[in-house]
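Take the sequence shown: its letters are residues 39 to 197, numbered as in my numbering. Reading through the structure tokens given below for one structure.
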Amino acid sequence: YPLCALPPTTKRKRRSAPSAEAPAKTAAYNKWYNTVYLPWYQNYAYQMQKYYQELKAYEAAMAIQSIPSNPFGNPGTGNKFYEYSKQAYNQHLYEQVKGTDPTLTHAEAFAKWTCERESTRNADPLFIDAGEDCYSEATATTPGECITGGAGGDGTCAP
């Protein structure tokens, strides 16, 4: 006989029909499944869900706890160092200009602006058009002055 076939002396077993006690076994299993196993499994699933939720909260708390705190406090809630630093910087700025007269400090820039503010300018390069008012910058020997109609159109200002 071929290797894949059964020997001639072995007969094939037949399945038997369900016996009369099979429905009783099935009913007992169904009762156990619905009254014992399912409630246990649902409780187990609930406990596992609760465990993972608590674990997630614990890990989040540990992550927040591991972040170092700002030694100067929260900047949004009255940080003492920030307030001190800001006051110190403002005091520094005040001391730099204390006793100075802004009209003297910025006199030349203001005079140049008042002289050239209505003069027309070329688009590129940005020079005052020829024949317009221009301001001659101050040097060590001469003060700055507004020259009426002295612009050369090329960035020069001649009397």
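Yeah, the Cβ is synthetic: ideal placement off N, Cα and C, and Gly gets one too.
Between A168 and G182, which are expected to be in contact by the criterion C-beta below 8 Å, what is the C-beta distance as a whole number of angstroms? That pair is no contact at about 20 Å.
Please list the terminal residues of the continuous beta strand (DSSP E) segment that includes S174. C172 to S174
Can you give the Cα-Cα distance for A189 and R155, rounded to whole angstroms? 13 Å
Of all the alpha helix (DSSP H) runs that stay within the bounds of the stretch 128-171, which reach a length of 4 or more residues? 140-143 and 145-154
In or out: F148 buried (at least 16 other Cβ within 10 Å) or exposed? exposed
Mark Y173 as exposed unless 16 or more other C-beta atoms lie within 10 angstroms of its C-beta, in which case mark it buried. buried
Unbroken beta strand (DSSP E) run spanning I102, endpoints: Counting along the chain, I102 falls outside any beta strand (DSSP E), though it belongs to the alpha helix (DSSP H) covering L76 to S104.
Taking its Cβ as the centre, do 16 or more other Cβ atoms sit within 10 Å of I166, making it buried, or is it exposed? buried
Helix, strand or coil at A203 [DSSP, three-state]: The requested residue 203 does not occur in the structure, where the chain is confined to residues 39 to 197.
May I ask which residues mark the beginning and end of the beta strand (DSSP E) holding C195? Counting along the chain, C195 falls outside any beta strand (DSSP E), and DSSP gives it neither H nor E.
Return the Cβ separation of S157 and E146 in integer angstroms, given the expectation that the two are a contact with Cβ distance under 8 Å. In fact, because the Cβ distance is near 17 Å, the residues do not count as touching under 8 Å.
Here's a check: name, in chain order, each residue in its chain whose Cβ is nearer than 6 Å to the Cβ of A66, leaving out the five neighbours to either side. none
Among G193, Q125, F119 and Y96, which has the Cα closest to the Cα of N108? F119
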